[in-house]
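Engineer:
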Amino acid sequence: MRNTEIRIATVDDASHISTLGKITFSETFGHLFRKKQDLLRYVETTFSVSKITAGLHKSSNIFWIAFADEKPIGYAKLKLDSPTEFVDATAICQLQKIYVLKEFLSLKIGPELQKQLLAKAQELSYKYIWLSVLDSNDRAIRFYKKNGFDIIGSHDFTIGQEHFDFFAMGKKLKE
Ligand SMILES: CC(C)(COP(=O)(O)OP(=O)(O)OC[C@H]1O[C@@H](n2cnc3c(N)ncnc32)[C@H](O)[C@@H]1OP(=O)(O)O)[C@@H](O)C(=O)NCCC(=O)NCCS
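Quick note on numbering: our numbering labels position 127 of the sequence shown as 165, and the sequence is numbered without any gaps.
#1: Can you name the start and end residues of the alpha helix (DSSP H) that L118 belongs to?
#2: To the nearest angstrom, how far is the alpha carbon of D50 from that of Y113?
#3: Which one of M39, T57, G208 has the shortest CA to CA distance from Q134?
#4: For the beta strand (DSSP E) containing V49, name the first residue and the last one.
#5: Locate the beta strand (DSSP E) running through S170, then write down its first and last residues.
#6: For the putative contact between S37 and I90, defined by C-beta atoms under 8 Å, what is the C-beta separation to the nearest angstrom?
#7: Hey, A106 and R40 are a contact pair by Cβ (cut 8 Å); roughly how many whole angstroms apart?
#8: Would you report the Cα separation of S192 and Y182, rounded to the nearest angstrom?
#9: Along the chain, where does the beta strand (DSSP E) containing D203 start, and where does it finish?
#10: Identify which residue in K140, L77, I190, K184 has its Cα closest to the Cα of K110.
#11: S163: which of R72, A52, A129, A206 sits nearest, CA to CA?
#12: So, for T147: in the same chain, excluding its five sequence neighbours on each side, which residues have a beta-carbon less than 8 Å away from its beta-carbon?
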């Protein structure tokens, strides 16, 4: 039985989160890139320690980090005050990341990260939460639907020579 723990992350966790981001993105989406260089460039920029450190410093973000037997295995990021074209509402926040290493998916840390993130959004009186998910990421879409998110729109994004289509999903938070 593994000993798991989830806590709010601090700036001291930046290098762990950087590594978790790079590995999880590559093992989940790496096969979608025809040019390895496009993947490497994206991952090195998006999950650089300096970028993650800057994100952790911002008061508009909350990060969680998850451990199994004291080893980092996943993280989540909530962006506060994040309006979107897809929703006409006030007090909107965004679930920006829930990433769990493939090897540890069976520990069901993803659901616990989502639970804690949604509880925090509610505690901070947000009325609506939204996210973007790759339209082919069936596992994540199912994971969000189980927790009351619905598809509310779509958008696209290009990385190098790859074009990606995303669903926007959203959910009203309880008053
Ligand atoms: C997204 C993520 C956090 C969800 O956590 P999880 O532990 O996998 O979540 P759960 O197992 O509770 O839910 C996933 C659901 O999809 C199902 N599922 C598993 N593999 C699937 C697949 N290949 N296709 C469709 N559904 C799948 C599971 O059975 C489960 O549904 P169920 O509870 O009805 O059985 C985790 O999978 C993850 O970190 N993935 C890699 C990174 C990622 O994609 N992050 C989200 C980016 S938006």
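By construction, the Cβ of each residue, glycine as well, lies at the ideal position given by its N, Cα and C atoms.
Structural biologist: Answer, in terms of the structure:
#1: The residue given as residue 118 occupies position 80 in the sequence shown. Segment: none, L118 is in no alpha helix (DSSP H) and carries neither H nor E.
#2: The residue given as residue 50 occupies position 12 in the sequence shown. The residue given as residue 113 occupies position 75 in the sequence shown. Taking the CA atoms as reference points, D50 sits about 14 Å from Y113.
#3: Working through the sequence shown from its first residue, we reach residue 134 at position 96. That would be G208, whose Cα lies nearest to the Cα of Q134.
#4: For the purposes of this step, residue 49 is identified with residue 11 of the sequence shown, where counting begins at 1. From DSSP, V49 is part of no beta strand (DSSP E); its letter is neither H nor E.
#5: In the sequence shown, residue 170 corresponds to position 132, counting from 1. Counting along the chain, the beta strand (DSSP E) containing S170 begins and ends at 166-172.
#6: The question about residue 37 has no answer here: the residues shown for the chain are numbered 39 through 213.
#7: Along the sequence shown, one-based indexing puts residue 106 at 68. Along the sequence shown, one-based indexing puts residue 40 at 2. Sure, about 5 Å apart at Cβ, within 8 Å.
#8: Against the sequence shown, residue 192 aligns to sequence position 154. Against the sequence shown, residue 182 aligns to sequence position 144. One C-alpha to the other measures close to 15 Å.
#9: One-based indexing of the sequence shown puts residue 203 at position 165. Taken as a continuous stretch (DSSP letters only), the beta strand (DSSP E) holding D203 covers 200-210.
#10: As a first step, residue 110 must be located in the sequence shown, where it is residue number 72. In the sequence as displayed, the identity of residue 110 is Pro instead of Lys. Considering only alpha carbons, the answer is K140.
#11: Position 125 of the sequence shown, counted from the first residue, corresponds to residue 163. When each option's Cα is compared against that of S163, the closest is A129.
#12: Along the sequence shown, read from residue 1 onward, the residue named residue 147 stands at position 109. Here residue 147 is Ile; the residue named in the question, Thr, does not match the sequence. In the same chain as I147, and ignoring 5 residues on each side of it, the C-beta atoms closer than 8 Å to its own belong to T42, I44, A104, A106, I111, G112, V138, in chain order.
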